[in-house]
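Asker:
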Amino acid sequence: MSASMLSLGERIDLELARGRVDRIFVEGNKGFGILTGCGKDAVVLVLASETAKQGLLMLGIKRFITEIKSVLL
């Protein structure tokens with residue numbers, strides 16, 4: 001499902017002409033999920049509670065993606 005979400009996000013982004021999709025953010029009443037591409041054939045899905053600090057979470061995800069990409073290559 002995560003790969004489908006990322007693919008759909010990329011198609012929407014093409015229609016809106018906003019450039020390359022970096023992440024997809026889904027917010028619900030019990031928390032949120034952040035889906036980020038990680039290389040050519042991988043995605044990372046982070047699930048967090050509604051009390052998580054979004055800025056710190058985004059920074060942590062960015063750092064993690066940088067590290068994991070080097071392992072996947």
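Here our numbering is used: the first residue of the sequence shown is 1, the next is one more, and so on.
For each residue, glycine too, the CB sits at the ideal point set by N, CA and C.
Owing to the predicted nature of the structure, the values given are computational and were not obtained by experimental measurement.
1) Please name the residue or residues paired with residue 49 in a DSSP beta bridge.
2) Under a Cβ-count criterion, where at least 16 other Cβ atoms within 10 Å of its own Cβ denotes burial, should residue 19 be classed as buried or exposed?
3) Distance check for residue 55 and residue 44, CA to CA, integer angstroms please.
4) Looking at residue 35: is its Cβ nearer than 8 Å to the Cβ of residue 5?
5) Starting from the C-beta of residue 25, find all residues in its chain whose C-beta is less than 7 Å away, skip the five residues before and the five after it, and write them out in chain order.
6) Considering only residues of the same chain and omitting the five flanking positions on each side of residue 30, which have a CB-CB separation below 8 Å?
7) Helix, strand or coil, according to DSSP, for residue 37 in the structure here?
Answerer: Put simply:
1) When beta bridges are read from the DSSP output, residue 49 appears opposite 31.
2) That one is exposed.
3) For the pair residue 44 and residue 55, the Cα-to-Cα distance works out to about 17 Å.
4) Contact flag set, yes.
5) Listed in chain order, the non-local C-beta contacts of residue 25 below 7 Å within the same chain comprise 32 and 34, local neighbours out to five positions each way being set aside.
6) Counting only Cβ-Cβ distances below 8 Å, and skipping sequence neighbours, we find 49 and 50.
7) Collapsing the DSSP output to three states places residue 37 in a strand.
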